[in-house]
Every structure is written in structure tokens, then in C-alpha cells.
Amino acid sequence: MGKKTVGVKRRLAKFYKQNRRAPIWVTIRTKRKVIYSPKRRHWRAKKLKV
């Protein structure tokens with residue numbers, strides 16, 4: 010593996026931030042219609058196209 014370029018590193022950081030659960034206030038506000046985030050991703054199951 011070589012070094013990560015700045016662009017790749019920034020994209021990885023973006024995907025890292027996206028990979029979180031939906032906030033509690035969203036669940037409360039939508040009366041539990043939205044329970045999970047559709048952008049959740051498992052590190053082994055789905056690979057990123059960085």
C-alpha cells in the first residue's frame with residue numbers, strides 16, 4: 010500500500026462521518042417511522058469506491 014492522497018483521505022473521512030445511526034431526535038420527531046439511517050454501511054459487507 011502506498012500513501013493516501015489528500016482527496017482519498019477526505020472522502021474516507023466523509024464516509025466515516027456518514028456511517029452513523031440516525032439521531033434520536035429524528036426517531037422521536039417521526040414517531041419511530043425513521044429508526045435507522047439508510048446510509049449505514051458495514052466495513053466488510055460493502056466496499057467503498059474511493
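Using my numbering, read the sequence shown as starting at 10 and increasing by one per residue. Backbone N, C-alpha and C fix where the C-beta goes; we use that ideal spot for every residue, glycine too.
Spatial neighbours of Y45 in its own chain (CB-CB distance under 8 Å, excluding positions within 5 residues in sequence) are listed in chain order as R30, A31. Between N28 and R49 the beta-carbon gap is near 6 Å, inside 8 Å, which marks them as a contact. In the three-state reduction of the DSSP assignment, V59 falls in the coil class, being assigned neither a helical nor a strand state. V17 sits close to V59, with the two beta carbons spaced by under 7 Å.
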